[in-house]
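S.K.:
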Amino acid sequence: MTSKAYAQSAFFTSTTPEASDAASAKRKRISVYDAVAGRISAHGSFIPKHPVVASTVDTVPSFTTASAPEEVLFRRKNAPTRFAEHDIYFANDRDVQANDLPESDLLKALHAYTSDFYSRASPDGGSIDWRSLDETALIALGILMEEASHLAKTSDLALTEGETVGLPAQSAKSDSRLHETITAPPGPPERSKKKRRIDIDGVID
Numbered sequence: 004m005t006s007k008a009y010a011q012s013a014f015f016t017s018t019t020p021e022a023s024d025a026a027s028a029k030r031k032r033i034s035v036y037d038a039v040a041g042r043i044s045a046h047g048s049f050i051p052k053h054p055v056v057a058s059t060v061d062t063v064p065s066f067t068t069a070s071a072p073e074e075v076l077f078r079r080k081n082a083p084t085r086f087a088e089h090d091i092y093f094a095n096d097r098d099v100q101a102n103d104l105p106e107s108d109l110l111k112a113l114h115a116y117t118s119d120f121y122s123r124a125s126p127d128g129g130s131i132d133w134r135s136l137d138e139t140a141l142i143a144l145g146i147l148m149e150e151a152s153h154l155a156k157t158s159d160l161a162l163t164e165g166e167t168v169g170l171p172a173q174s175a176k177s178d179s180r181l182h183e184t185i186t187a188p189p190g191p192p193e194r195s196k197k198k199r200r201i202d203i204d205g206v207i208d
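Residues in the sequence shown are numbered from 4 upward in steps of one, following the numbering used here.
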């Protein structure tokens, strides 16, 4: 699963040549984070950012098709055996206490967008932020988005402070007291400065 902004090249690309050369020289191992972000193909390799496909091909190449995270995970060495009747990967669906978790598709979309954003917007390709959005942070972000969506039309203002409008008279009066300007108590009057004129001869009036 790749974010729409990543597919449309909507992110800013870093122009630091040293960082790009270092990133290409360093071989990155495949992790579950890459699988969730939709960067692993059916061949078990990274999907190129700019794939080259022959014009005579009328089907989608398999090396550009992202594999599901569970497929990448269970293709690894020493992976447990999956059974259709009792799939351990989706064990949370059978757990009653796990029903409060955010939707899986929402978490995938959040992770894909965040991963694509930092890989394009940071000079080091996001390597400093690898694995920073772990399961705990991702679940917390998903819960925050779901709670914001419950606010219906005002969900876009869930994390902002809106302006108070249309209050009753009593509420408006009490609210206006919060915005009263606090001024310092008046002090003693300032003494006026007397101007003195100096004659040409040096005599002061």
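Glycine included, C-beta positions come from ideal geometry on N, C-alpha and C.
Alpha carbons only, please: which of V39, A71, R79, E138 is nearest the one belonging to A112?
M.R.: It is V39 whose Cα lies nearest to the Cα of A112.
S.K.: If we ignore side chains and look at the alpha-carbon of each, how far apart do Y36 and S122 end up?
M.R.: Looking at the two C-alpha atoms, the distance is approximately 13 Å.
S.K.: For A82 and L147, I'd like the C-alpha separation in whole angstroms.
M.R.: Cα-Cα distance, rounded: 33 Å.
S.K.: Which word fits I131, buried or exposed, when buried means at least 16 other C-beta atoms lie within 10 angstroms of its C-beta?
M.R.: Burial call: exposed.
S.K.: Please classify F49: does DSSP put it in a helix, a strand, or coil?
M.R.: Three-state result, F49: strand.
S.K.: Work out the CA separation of T167 and V75 for me, nearest whole Å.
M.R.: If you take the alpha carbons of V75 and T167, they lie about 51 Å apart.
S.K.: Would you identify the three-state DSSP class for I33, choosing helix, strand or coil?
M.R.: Of the three classes helix, strand and coil, the one that applies to I33 here is coil, per DSSP.
S.K.: Assuming I43 is part of the alpha helix (DSSP H), what are its boundary residues?
M.R.: It is not in any alpha helix (DSSP H) - I43 carries neither H nor E in the DSSP assignment.
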